[in-house]
Every structure is written in structure tokens, then in C-alpha cells.
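Novice: Per our numbering: the sequence shown = residues 69 to 576.
Supplied in C-alpha cells, the structure appears directly below.
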Amino acid sequence: LYLLPLLLTMLIIPLSIIGIDKPIGDVIGELREVSQETEEIPRWSYLFTQFRVIVTYIRLLFLPINQNLDYDYTVYHSFFNPEVFLSFLFLLLIFGLGIYLFYSKRYKLYATRLTAFGIFWFFITLSVESSIIPIRDVIFEHRMYLPSIGLFFAILTFTFLLAEKLKSRWQKVNRAVVVTLAIVIAVLSITTYARNIIWHDWVSLWEDVVRKSPQKARGYNNLGVAFKNNALIDKAIEYFQISLGLNPGYAIAHYNLGVAYQDRGWLSKAADHYQVALSLKPDYAEVYSNLGAVCDAKGLTDKAIEYYQMALNLKPGYAEAYNNLGFSYMHKGMTDKAIEHYQAALKFKPDFAEAYNNLGYAYFYKGLTEKAIEYYQVALSLKPDYAEVYSNLGAVYDAKGLTDKAIEHCQTALSLEPDCAEAYNNLGASYMHKGMTDKAIDSYRKALDIKADYADAHFNLGLVYLAGGTFNLAGKEFETVLQINPNYPKARQFLDYISSQNKHHPSR
Numbered sequence: 069l070y071l072l073p074l075l076l077t078m079l080i081i082p083l084s085i086i087g088i089d090k091p092i093g094d095v096i097g098e099l100r101e102v103s104q105e106t107e108e109i110p111r112w113s114y115l116f117t118q119f120r121v122i123v124t125y126i127r128l129l130f131l132p133i134n135q136n137l138d139y140d141y142t143v144y145h146s147f148f149n150p151e152v153f154l155s156f157l158f159l160l161l162i163f164g165l166g167i168y169l170f171y172s173k174r175y176k177l178y179a180t181r182l183t184a185f186g187i188f189w190f191f192i193t194l195s196v197e198s199s200i201i202p203i204r205d206v207i208f209e210h211r212m213y214l215p216s217i218g219l220f221f222a223i224l225t226f227t228f229l230l231a232e233k234l235k236s237r238w239q240k241v242n243r244a245v246v247v248t249l250a251i252v253i254a255v256l257s258i259t260t261y262a263r264n265i266i267w268h269d270w271v272s273l274w275e276d277v278v279r280k281s282p283q284k285a286r287g288y289n290n291l292g293v294a295f296k297n298n299a300l301i302d303k304a305i306e307y308f309q310i311s312l313g314l315n316p317g318y319a320i321a322h323y324n325l326g327v328a329y330q331d332r333g334w335l336s337k338a339a340d341h342y343q344v345a346l347s348l349k350p351d352y353a354e355v356y357s358n359l360g361a362v363c364d365a366k367g368l369t370d371k372a373i374e375y376y377q378m379a380l381n382l383k384p385g386y387a388e389a390y391n392n393l394g395f396s397y398m399h400k401g402m403t404d405k406a407i408e409h410y411q412a413a414l415k416f417k418p419d420f421a422e423a424y425n426n427l428g429y430a431y432f433y434k435g436l437t438e439k440a441i442e443y444y445q446v447a448l449s450l451k452p453d454y455a456e457v458y459s460n461l462g463a464v465y466d467a468k469g470l471t472d473k474a475i476e477h478c479q480t481a482l483s484l485e486p487d488c489a490e491a492y493n494n495l496g497a498s499y500m501h502k503g504m505t506d507k508a509i510d511s512y513r514k515a516l517d518i519k520a521d522y523a524d525a526h527f528n529l530g531l532v533y534l535a536g537g538t539f540n541l542a543g544k545e546f547e548t549v550l551q552i553n554p555n556y557p558k559a560r561q562f563l564d565y566i567s568s569q570n571k572h573h574p575s576r
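So, in C-alpha cells, the structure goes:
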């Protein structure tokens, strides 16, 4: 029965998985990704390295300095390497102590058995990832969570066992043990607090990794991701490039660099890196989805749909691909099919704010403004700082004649995302409806300063000039629209109208 608390720790892994806010399939997939076997490290080399790794784990329990989320650890290929051989002898000594205590009858049976059990627990729970089966990463500090419980039991039990033996010679031994343990706990608490400061955000964490593992590509890649998530795209690009300089065959870094270039609007450079990523990892569903987005942005809608379908063939429950596919169908004017795919995305990812936003847009396009507002509100409940949704709500309220409310929502969008060209465009439309022509022109120009190839803003600016009788300026805007999108509705019609008016009124 005295072993029952220790045995209950076996529930830690399944219960922690249940508590994770992700589908169980995703969790298992992630665990498999980082813990799968690898052929890059020979089995015996992996085992020899693990002797050193386990000693590192033990050292970290007593002296937690130079901790690292992603070690660049030396792989050893010879058992007779002095570091490997001495580590093996050290571990053999600990294991031998466990055997000795298990069979010893010189001390209290429950104490020796519990100490022995703690030692065996340590080695048995570590054996899954520290054995002859090579795993991609030879060391991860989190692998010690469960084994350390056994070692702590063993150390504490053995400490009090020794104290009991010394009590006859030194009456204050128990007090000394308690004081010593209190000091150890205090010191370890301070080091834990110091380590948690590094963990307080992803940038500081991965900066710590690249300082300690400067030749490992993954740290630079993940630091790039951290910067990208903080909207520091140029900084992200810099670190993705460093990562690829260290490992040109790193598919994930090519993908991430492609995403960063795509965010910058550098579509050709993004596509180049996506293609390299696919050459390295042909089953990379996320790359196919992003290639589809690149094609969509270039107006190659059919090609985009083809890429999205490839992504879904590789990853059938890929919500982002369904969402992107819906976006392409919207571009083709197939609104009902777009709605179908947005709903499919939400089936696989119910908290997908972007899909709710796109559903709102699709229903607005169908003229169902109340339903559009409903979905936009759901998107905001999931992502309260979603600037694009505020901008889209502005467009809906403008269509309903609630111009002041429309302006308010567009301004909220711009307070959240000052470079939101769509919000400036929608704001311009609302100002135009209020007869505030100068403010409308200013808003459209700001939209174009941010996004020079924004066809809708050029078209709307053309309409303002046309309404003011400035036909030459209006004509230039409509011509620009057709250069960006030769199939843009009504742009050709207005150009023809301006041409006919100029024939009758050349001064215009």
C-alpha cells in the first residue's frame, strides 16, 4: 500500500492528455512527431549517448543550470569513450544500490524497498526513450517529469533512513536534515522562478535556445515563428534565413519563410520556398494549402482549388484548406459552394474565427445582412481583436444605411490594425454616403498607400472622381482597375461611358 501514491503517478500522462484543449488525434500526432524513431542515429550510438543523457538528467535535478529547451547534444559512437564509460559506471552504481537495498534486511524493510522501488521507477520510466530505440531528439528535459518522481522518493527515503541510523550518534540529525531540505527547496524555488522568466514568452524562450544551441537550425526557425506571431515579419525572415543557412534541407523553415514572404506580399518568393519544401517533404499538406492561397492572390483560382484539394487529400480534416477552398469558390461567384466549405471547416475546427468571418462575408454577398452580422459577431466572440471583422461589419452597416455605425466599426478596425487597407476602403464608402467627399478620397488614398494593387479602392476612387465630374482622373483609376483585374465588374462599362462623354465634352 505504501507504493500506491507512486503507482498513481502512472495516470499523469493519460489524464494530462485528456486535459489538453486539443482533439486527441492532434495530440497523439504531435507526440508521434517528436518521439518517432529515426534512422539518422544508429541504435548503439543512441544507447551510448543515453548513458550521458541520463547523467545530465540527474545533474539537472541537483544543479539546474544551463537548462535548454532544445539541446544540440553530442552523439557518442563508442562505449569506451571516457565520458560514456564513466557515465555507464555511475548509472550501474545507482542501479546496483537499488538491487542491494531491495534485498537488504539490515534496515527497515519498508524504507529500503521504497528506496529501491524509486530507483527502479526512475530507470524503468526512462527506458522508453533512453534505450536502444533511437528517437529523433536524444534529450528533452520534459522526459524527466515522470522518472524524477521515483528518484525523489528514493532520495528522500534514503536520506531519512541514514538520518535514523545516525540518530544514536547525533541527536540533532533530524533538525539538520529538515533545515538542509528547506534550504534546497528554497534554492530550487529561486532557480525555478528564474527559469520561468525565460518561459514568459516565446521570443525570450527561443532566444535562450539559440544562445545555448547556436548551431542548431530548429531554434532559429522557432524564434522566427515567435517573431512572426508578434507581427515582426522582417525579424522573422531574418531568423528563417539563418535556420536555412545552417540546414538548407529543413522543410519546415522553407515553409515558414514562404509564409513570411506571403505576408509581405512577395508571392513569387513565397512560392519558390513552398516548392522547395514540397521537394523535401512531398506530403506537406500545409504547403499545398498555402500554394493555393498564392495562386488565389494571383487570380489563378482554378489552380488554387487544385492545390487545396491536394492538401485535403493528404489531410482530410484540414480546416484551413476547407476555409481557403471556400474563399476560392467565392472568387468564382459560387457562393453556396463557398458556404458549404466554410461550414466544413467549422465542423473540424469549431472555434475557427476566420471561417465565421468568411461565412459572414458570403451571406452578406447573398444579401442576407442579418445572418452576416450574426456570423461576424461569433467571429468577434472568438477573436475580439479581429480587425477585418470590424471592417466587414462596417460594410454591412453601411449597406443597411447605418452610416455612423459603419464609420465607428471601421475606425475600430483601424485602431486594432492601422495598416488595414480594407477598413480604409470601407470607411471611404461610408464617408461618400454621408457626402463627405474629401474624407472619402483621403480614405481611399490611404488604402492605396498600404495596398497599391487594391482594385476595389481604385474603383471606388474612380467613382468619386466620376461623381465630381473629373473624368480624366476617374478614367485613370478605372484603367488601373482593369490592369489589376481585367474581369473587374463595371470598370470597362464606366470607361466606355467616360469615353463617350469625352467625345461630346472634350474639355473634361
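Here a beta-carbon is modelled for each residue, glycine too, at the ideal position from N, C-alpha and C.
Going by DSSP in three states, Ile223 sits in which element: helix, strand or coil?
Specialist: Residue state, collapsed to three classes: helix.
Novice: Ile203 by DSSP, collapsed to three states: which one?
Specialist: Strand, per DSSP.
Novice: Quick one: is Thr49 buried, meaning 16 or more other Cβ sit within 10 Å of its Cβ, or exposed?
Specialist: What is shown of the chain runs 69 to 576, which leaves residue 49 out entirely.
Novice: Please name the residue in Ala231, Gly496, Gly367 and Ala447 whose C-alpha comes closest to that of Lys514.
Specialist: Nearest C-alpha to Lys514: Gly496.
Novice: Thr193 to Leu482, Cα distance in whole Å?
Specialist: Roughly 53 Å separates the two Cα atoms.
Novice: With a cut-off of 8 Å, do at least 3 Cβ pairs link the segment 156–164 to the segment 193–208?
Specialist: Counting Cβ pairs under 8 Å, fewer than three are found: no touch.
Novice: Run through the segment 258–335 for me and flag every whole alpha helix (DSSP H) of 4 or more residues, listed as ranges in chain order.
Specialist: With a minimum length of 4 residues, the continuous alpha helix (DSSP H) runs that stay inside the segment 258–335 are 270–280, 285–297, 301–314 and 319–332.
Novice: In chain order, what residues of the same chain have a beta carbon less than 7 Å from the beta carbon of Ser311, not counting five sequence neighbours either side?
Specialist: Closer than 7 Å at Cβ, skipping near neighbours: Ala285, Tyr288, Asn289, Gly292, Tyr318 and Ala321.
Novice: Gly435 to Ala455, Cα distance in whole Å?
Specialist: In a straight line, the C-alpha of Gly435 is about 22 Å away from that of Ala455.
Novice: Using DSSP with H/G/I as helix, E/B as strand and the rest coil, what is Ile509?
Specialist: Helix at Ile509.
Novice: For Leu230 and Gly218, what's the separation of their Cα atoms in angstroms?
Specialist: C-alpha separation (whole angstroms): 18 Å.
Novice: Between the C-alpha atoms of Pro554 and Pro418, what's the straight-line distance to the nearest angstrom?
Specialist: Cα to Cα, the separation comes out at about 37 Å.
Novice: Have a look at Pro316, Leu325 and Lys544 and flag the residue whose alpha-carbon is nearest the alpha-carbon of Tyr307.
Specialist: Nearest of Pro316, Leu325 and Lys544 to Tyr307, Cα basis: Leu325.
Novice: Does Trp112 come out as helix, strand or coil in the three-state DSSP assignment?
Specialist: Here Trp112 sits in helix by DSSP.
Novice: Under DSSP, the alpha helix (DSSP H) around Lys366 begins and ends at which residues?
Specialist: Careful: Lys366 lies outside any alpha helix (DSSP H) and carries neither H nor E.
Novice: Tell me the DSSP secondary structure of Leu69 in three-state form.
Specialist: The predicted model places Leu69 with a pLDDT of 44, which falls under 50 and marks its position as unreliable; any figure quoted below should be read in that light. Reduced to three states, the DSSP call for Leu69 is coil.
Novice: Please report how far the alpha carbon of Ile509 lies from the alpha carbon of Glu442, in whole angstroms.
Specialist: Rounded to the nearest angstrom, the two C-alpha atoms are 31 Å apart.
Novice: Indicate whether Gln135 and Glu209 have their beta-carbon atoms separated by less than 9 Å.
Specialist: Contact flag set, yes.
Novice: Closer than 6 Å by C-beta to Phe188: which residues in its own chain qualify, once you throw out the five before and the five after it? Chain order, please.
Specialist: Counting only Cβ-Cβ distances below 6 Å, and skipping sequence neighbours, we find Gly166.
Novice: Just to confirm, are Ala430 and Ala406 a CB contact at a threshold of 9 Å?
Specialist: Closer than 9 Å, so yes.
Novice: What are the boundary residues of the alpha helix (DSSP H) that includes Asp466?
Specialist: Its alpha helix (DSSP H) spans residues Ala455 to Ala467.
Novice: Kindly indicate which three-state DSSP category Met504 falls into: helix, strand or coil?
Specialist: Correct three-state label for Met504: coil.
Novice: Looking only at its own chain, which residues have a Cβ that is under 7 Å from the Cβ of Gly93, when we skip the five neighbours before and after it?
Specialist: Per-residue confidence for Gly93 stands at a pLDDT of 40, beneath the threshold of 50, marking its modelled position as unreliable; no derived number is given.
Novice: Indicate the three-state DSSP secondary structure (helix, strand or coil) for Ala559 in the structure shown.
Specialist: Ala559 falls in the helix class under three-state DSSP.
Novice: Where does His145 fall in DSSP's three states?
Specialist: Three-state DSSP puts His145 in coil, outside helix and strand.
Novice: For Tyr139 and Phe527, what's the separation of their Cα atoms in angstroms?
Specialist: Whole-angstrom Cα-Cα distance: 55 Å.
Novice: Assuming Tyr125 and Val206 form a contact by the criterion Cβ under 8 Å, report the distance between their Cβ atoms to the nearest whole angstrom.
Specialist: Wrong, their Cβ atoms sit about 12 Å apart, outside the cutoff.
Novice: Mapping the DSSP letters down to three states, classify Gln479 as helix, strand or coil.
Specialist: Gln479: helix per DSSP, three-state reduction.
Novice: Can you list, in chain order, the residues of its chain whose CB lies under 6 Å from that of Ser103, leaving out five sequence neighbours each side?
Specialist: Interpretation of Ser103 is limited by its pLDDT of 48, a score under 50 that renders its predicted location unreliable; no figure is taken from the coordinates.
Novice: Secondary structure at Asn242, three-state DSSP: helix, strand or coil?
Specialist: Helix.
Novice: What do you get for Glu34, buried or exposed, if any count of 16 or more other CB atoms within 10 angstroms of its CB means buried?
Specialist: The chain is shown only over 69 to 576; residue 34 falls outside these bounds and no answer can be derived.
Novice: Would you check if the distance between the CB atom of Ser155 and the CB atom of Phe190 is smaller than 9 Å?
Specialist: Not in contact: Ser155 and Phe190 (Cβ atoms no closer than 9 Å).
Novice: To which residues of the same chain is Lys128 closer than 8 Å at the C-beta, ignoring the five residues directly before and after it?
Specialist: For clarity, residue 128 is Leu in the given sequence; the question names Lys instead. So the list reads Gln135, Glu209 and Met212, once near-sequence residues are dropped.
Novice: Put Leu137 into one of helix, strand or coil per three-state DSSP.
Specialist: Reduced to three states, the DSSP call for Leu137 is coil.
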